[in-house]
Amino acid sequence: MYEIAKHEGRYDGAAYRGCHPPRLTCSRSIFRIQALSLEEPNRATKPPKVGAVLVRDGQCLGECYRGQTGDGDHAEYGLLEKVLAGVDVSGSTLYTTLEPCSKRMPPRVPCAERVANRGISTVWIGAYDPDPRIQRFGWAILKRQGVARRDFPRDLRAEVAADNAIFIDSFRVGHGDSGTARFDYRLNDGRFLVADTRAGVFETRWTSCSSDCIYAYDAAHLVAHPRGADCFHDVDDPSAYEFASYSLPVREGELVIFRNEGGYLLVRVDDVQDGGRTDDRWELTISWEVRRSVPAEDEP
Ligand SMILES: [Zn+2]
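First residue of the sequence shown: 37, per the working numbering; consecutive thereafter.
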């Protein structure tokens, strides 16, 4: 997967319009940070994997991966504040596998702000953060501060995404017979999957309604609205409800029921952010409970 020769062979000498520095340098640096990001300790339990490399005039000024300089240290933070503390990095180009963060608990400073404050002129981004609290906000800070922003080439983005599949999937798939999730319902075609070991996969789908309401969709299985229910205990037998609509508006605090061949998925809409005047993102927070339709005598 990480054959540097492959990338160099593919890009060496190729003119890449508008790309500064040349694509060869880009691919070499990306290869390096991918290798770095894989070195991150506890990567299976602490996603995402992130690597960052700073380059100027063809020279590598420094490199860092997430967690290298301290537990949970962001790659860009470690690179700028520890590896290259006090070093003039103005005019350099940053390659990072994940969009720099846009929000940190004060007094900590978001990495996107740090990058701009240090005079870095260009940032190459391997993936936009799937977390709806961050997604494109880091990019927006860089834009506002006059930092040029580039995307990794498509094939290298695919490699970054594969390396971070666990992290990305955590915003697309929930596991277990109960749980909570928060995701951007404009991404992934509005879909969020819930996978239960015995009932199988439920596909929930959502689209914008208002600042405190969202449309729940399932054209194949239809959805049901247990009117007046505000907790899972309020639903005794989900098959008692009429599944008559492919789409229903669900307000914050209300429930909607999805179903598949293996059972029912009760979903409570906990919070809706609709990107309007008061919300700055398109974020849905839900909790769920699976009710299997397996007959009681077949339960272990
Ligand atoms: Zn950060």
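Just so you know, even glycine gets a beta-carbon here, dropped at the ideal spot from N, CA and C.
When you compare only the Cα positions, how much space is there between Leu60 and Ala163? Residue confidence for Leu60 is low, a pLDDT of 40 falling below 50, so the modelled location carries little weight; the figure read from the coordinates is stated next. Taking the straight line from one Cα to the other gives about 19 Å.
How about Glu239 and Leu229: are their beta carbons less than 9 Å apart? yes
Burial state of His211 (16 or more Cβ within 10 Å): exposed
Would you call the region 147 to 159 and the region 173 to 181 touching, i.e. three or more CB-CB distances under 8 Å? yes
Contacting residues, own chain, Cβ-Cβ under 8 Å from Glu288 (five flanking each side not counted): Asp248, Cys249, Val305, Asp306, Asp307 and Val308
Confirm, please, whether the CB-CB distance from Cys147 to Tyr101 is below 9 Å. Cβ atoms of Tyr101 and Cys147: not closer than 9 Å.
In angstroms, rounded to a whole number, what distance separates the CA positions of Leu134 and Arg317? 19 Å
Taking 8 Å as the limit between beta carbons, can you name the residues of its chain near Tyr282, skipping five residues before and five after? Tyr253, Asp254, Ala255, Leu258 and Val259
Spatial neighbours of Ala217 within its chain, please: C-beta separation below 7 Å, excluding the five flanking residues on both sides. Gly210, Phe228 and Ile322
Under the three-state DSSP convention, the category Phe203 falls into: helix
Output the distance between the C-alpha atoms of Asp124 and Gly215, rounded to the nearest integer angstrom. 47 Å
Would DSSP call Pro84 helix, strand or coil? It is coil, neither helix nor strand.
Could you check how far apart the C-beta atoms of Pro262 and Arg327 are, in whole angstroms? I think they sit under 8 Å. Not quite, the Cβ-Cβ distance comes to about 12 Å (not below 8 Å), so this is no contact.
What runs of the beta strand (DSSP E), each 3 residues or longer, lie entirely inside the region 238 to 279? Counting whole runs of 3 or more residues, the region 238 to 279 contains the beta strand (DSSP E) stretches 249 to 253.
Leaving aside the five residues before and after Ile293 along the sequence, list all residues of the same chain whose C-beta is less than 8 Å from its C-beta, in chain order. Val259, Ala260, His261, Pro262, Val271, Pro274, Tyr277, Phe279, Tyr300, Leu301, Leu302 and Val303
When DSSP labels each residue in this structure, what does Ala231 get in the three-state scheme? Strand.
Test item: CB-CB of Asp213 and Asp232 under 9 Å: yes
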